[in-house]
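Engineer: Sending over a structure as structure tokens; questions will come in a sec.
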Amino acid sequence: MRSVRAQLLHRPAGRTVGEVVRHLAAVQAQDLTAAALAFRARSPGLTAADVAAAQESREIVRTWGPRGTLHLVHRDDLPWLHAVTTGGATKCAAGPKGTAGTAGTAGAAGAADTPGTAGAAGPKGAAGGLAGTLRRLREEGVTGDDLLPLITGVLEGEGPLTKAELEERLKGRARGQGVVHLVALAARHGLAVLGPPRAGKPTYVHAADWLGGPVVAEPDRERALKELAVRYRRAHHPAAPEDLAAWSGLPLGEARAAWRLAAEPPPPEPDEPGARLLPAFDEYLLGWRGREGVVPAAHAAEVHPGGGIIRPVVLVDGVVLGVWTRRGERAEVRMFGGQEPPQGLDAEVADVRRFLAARPVRASRGA
Numbered sequence: 001m002r003s004v005r006a007q008l009l010h011r012p013a014g015r016t017v018g019e020v021v022r023h024l025a026a027v028q029a030q031d032l033t034a035a036a037l038a039f040r041a042r043s044p045g046l047t048a049a050d051v052a053a054a055q056e057s058r059e060i061v062r063t064w065g066p067r068g069t070l071h072l073v074h075r076d077d078l079p080w081l082h083a084v085t086t087g088g089a090t091k092c093a094a095g096p097k098g099t100a101g102t103a104g105t106a107g108a109a110g111a112a113d114t115p116g117t118a119g120a121a122g123p124k125g126a127a128g129g130l131a132g133t134l135r136r137l138r139e140e141g142v143t144g145d146d147l148l149p150l151i152t153g154v155l156e157g158e159g160p161l162t163k164a165e166l167e168e169r170l171k172g173r174a175r176g177q178g179v180v181h182l183v184a185l186a187a188r189h190g191l192a193v194l195g196p197p198r199a200g201k202p203t204y205v206h207a208a209d210w211l212g213g214p215v216v217a218e219p220d221r222e223r224a225l226k227e228l229a230v231r232y233r234r235a236h237h238p239a240a241p242e243d244l245a246a247w248s249g250l251p252l253g254e255a256r257a258a259w260r261l262a263a264e265p266p267p268p269e270p271d272e273p274g275a276r277l278l279p280a281f282d283e284y285l286l287g288w289r290g291r292e293g294v295v296p297a298a299h300a301a302e303v304h305p306g307g308g309i310i311r312p313v314v315l316v317d318g319v320v321l322g323v324w325t326r327r328g329e330r331a332e333v334r335m336f337g338g339q340e341p342p343q344g345l346d347a348e349v350a351d352v353r354r355f356l357a358a359r360p361v362r363a364s365r366g367a
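The sequence shown begins at 1 in the UniProt record's numbering and counts up one residue at a time.
Structure follows, in structure tokens:
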């Protein structure tokens with residue numbers, strides 16, 4: 001059985017936003033509300049404002065991480081994560097803002113500002129991410145040998161900008177998702193990250209303006225791989241190298257090498273019975289190569305309907321027994337097969353309302 005405790009889903013008291021994200025290594029964040037709710041599920045008393053404040057203070061940073069997908073990561077973990085998610089292939093050259101290279105030398109692991117559209121590194125790891133990004137840029141009609149200096153020049157000194165603001169400054173060189181892919185190209189070179197959302201829209205910012213300098217990859221790749229495996233094995237129990245490969249986007253051979261570098265952590269204490277409302281795209285469902293034994297086969301399509309979507313779920317004693325949805329201020333929990341809502345779910349419902357300042361979530365029987 002997958003360990004709830006290793007994922008902090010027993011909600012140990014006093015964990016800060018930064019401590020939670022460092023334990024997990026990264027929190028998937030193409031949907032920021034879902035990402036915030038992942039912190040709620042792991043530490044009592046946190047609020048959505050706490051998560052936003054950690055991003056505003058630069059303690060946590062939103063950027064492209066494992067699998068080329070948007071994640072929240074701790075700023076202190078950026079060097080080693082950058083090394084393993086870019087394949088160690090990017091270098092930041094000299095210059096006041098850490099300018100580097102051209103689009104022909106590297107690409108982004110993926111690009112998105114909406115759920116379900118982030119690119120993945122794929123089976124070929126960083127090289128697959130490069131090829132995919134360059135292909136997407138071509139598909140968007142974004143071409144030229146100056147793409148990296150183009151986007152970094154537009155970002156530099158401007159502070160966080162929305163996609164529309166970047167599009168205006170790019171003067172026709174890129175539009176729509178082409179703009180986001182350009183930012184992801186800069187992120188691959190350690191020269192851009194996402195800033196806090198503004199009026200519900202993602203913003204993008206030069207890394208030097210936001211963090212005080214470019215994100216420089218850990219030069220010792222073995223050290224970076226070891227740190228990746230240490231963090232992953234601590235938060236995922238039981239797991240295997242194949243799970244690490246699926247989560248990180250690394251080729252299996254490299255994931256196995258990383259696995260051997262990290263000592264096996266002590267097993268977590270036994271889980272206690274309990275219910276937890278997990279958000280969309282939660283690590284408990286995405287952190288392994290499969291969901292067998294966690295999501296009943298008869299209800300798998302309700303949890304994972306396709307298109308890269310993982311719905312919010314009701315977790316009971318480590319197994320998904322329902323789903324929940326939220327529309328505006330109204331949200332509902334539906335148990336699979338007409339089961340009675342489990343003990344403790346009402347407290348979870350109230351805590352989600354507290355966290356999001358929404359009306360009560362109602363637990364009901366499903367068909």
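Glycine included, each C-beta is placed from N, C-alpha and C at the ideal position.
Three or more C-beta pairs closer than 8 Å, one from the segment 23–40 and one from the segment 234–242: is that the case here?
Structural biologist: Judged by Cβ distances under 8 Å, the segment 23–40 makes contact with the segment 234–242, as three or more pairs qualify.
Engineer: Between the alpha carbons of ARG276 and LEU9, how many angstroms are there, rounded?
Structural biologist: Each residue's Cα considered, the two are about 8 Å apart.
Engineer: Taking 9 Å as the threshold (beta carbon to beta carbon), is LEU182 in contact with chain D?
Structural biologist: Among the chains of the structure shown, chain D does not appear; only one protein chain is present.
Engineer: From LEU250 to ASP317, what distance separates their C-alpha atoms?
Structural biologist: Cα-Cα distance, rounded: 31 Å.
Engineer: Count Cβ pairs between the segment 193–202 and the segment 62–80 that sit closer than 8 Å; are there 3 or more?
Structural biologist: The segment 193–202 vs the segment 62–80: in contact.
Engineer: Buried or exposed for residue 380, going by 16 or more other Cβ atoms inside 10 Å?
Structural biologist: Outside the displayed range of the chain (1 to 367) lies residue 380, so it cannot be described from this structure.
Engineer: Helix, strand or coil, according to DSSP, for PRO341 in the structure here?
Structural biologist: Looking at PRO341 - three-state DSSP - the assignment turns out to be coil, as it is neither helix nor strand.
Engineer: Would you check if there are 3 or more beta carbon pairs closer than 8 Å linking the segment 250–263 to the segment 287–304?
Structural biologist: No, the segment 250–263 does not touch the segment 287–304.
Engineer: According to DSSP, simplified to helix, strand and coil, what is TRP324?
Structural biologist: Three-state result, TRP324: strand.
Engineer: Pair every Cβ in the segment 143–155 with every Cβ in the segment 36–45, then say whether three or more of these pairs are closer than 8 Å.
Structural biologist: The segment 143–155 vs the segment 36–45: no contact.
Engineer: To test your reading of the DSSP string, which unbroken beta strand (DSSP E) runs of 3 or more residues are found completely within the segment 140–224?
Structural biologist: Here the runs fully enclosed are 192–198, 201–206.
Engineer: From the DSSP output, in three-state form, read off GLY68 for me.
Structural biologist: In this structure, GLY68 counts as helix in the three-state DSSP scheme.
Engineer: Let me confirm a value: GLY306 is counted as buried when at least 16 other C-beta atoms fall within 10 Å, else exposed. Which label applies?
Structural biologist: Exposed: under 16 other Cβ atoms inside 10 Å.
Engineer: I'd like to confirm the pairing. Which residues does DSSP put opposite GLY309 in its beta bridges?
Structural biologist: One point to set straight first is that residue 309 is Ile, not Gly, in the sequence displayed. Looking at the DSSP assignment, ILE309 forms a beta bridge with GLY306.
Engineer: For ALA275, does the three-state DSSP call read helix, strand or coil?
Structural biologist: Note: ALA275 maps to strand in three-state DSSP.
Engineer: What number of angstroms, rounded off, separates the C-alpha of VAL215 from the C-alpha of VAL205?
Structural biologist: Each residue's Cα considered, the two are about 13 Å apart.
Engineer: Once the 5 residues before and after ALA52 are set aside, which same chain residues still bring their CB inside 8 Å of it?
Structural biologist: Here the set comprises ALA36, PRO196.
Engineer: Could you check if ARG15 is buried or exposed, using at least 16 other CB atoms within 10 Å of its CB as the buried criterion?
Structural biologist: Classification for ARG15: buried.
Engineer: Are the CB atoms of LEU278 and VAL319 within a distance shorter than 9 Å?
Structural biologist: Not closer than 9 Å, so no.
Engineer: Consult DSSP for ARG2 and reduce its assignment to one of helix, strand or coil.
Structural biologist: Looking at ARG2 - three-state DSSP - the assignment turns out to be coil, as it is neither helix nor strand.
Engineer: On the three-state DSSP scale, how would you describe THR63?
Structural biologist: THR63 falls in the strand class under three-state DSSP.
Engineer: Have a look at the DSSP bridge pairing and note the partners of HIS74.
Structural biologist: Paired residues: ILE60.
Engineer: Among residues of its own chain, excluding the 5 on either side of GLU140, which ones have a beta-carbon nearer than 8 Å to its beta-carbon?
Structural biologist: If we look at GLU140 and ignore the five residues flanking it on each side, its Cβ neighbours are ALA174, ARG175, GLY176, GLN177, GLY178, HIS181.
Engineer: Excluding the five sequence neighbours on either side, which residues of its own chain have a C-beta within less than 8 Å of the C-beta of GLU56, listed in chain order?
Structural biologist: So the list reads PRO196, once near-sequence residues are dropped.
Engineer: In angstroms with no decimal places, state the Cα-to-Cα distance between GLY107 and GLN30.
Structural biologist: Because GLY107 carries a pLDDT of 31, less than 50, the predicted location of this residue cannot be relied on, and no value is offered for it.
Engineer: Taking the alpha-carbon of ARG334 as reference, which of PRO312, PHE355, ALA347, ALA350 has the nearest alpha-carbon?
Structural biologist: Of PRO312, PHE355, ALA347, ALA350, the residue nearest in Cα terms is PRO312.
Engineer: Rank ARG62, PRO66, ALA164 by C-alpha distance to the C-alpha of GLU283 and give the top, closest one.
Structural biologist: Of the candidates ARG62, PRO66, ALA164, the one whose C-alpha sits nearest the C-alpha of GLU283 is PRO66.
Engineer: Near LEU252, what residues of its chain come up, given a Cβ to Cβ distance below 6 Å and the 5 sequence neighbours on each side ignored?
Structural biologist: Here the set comprises ALA245.
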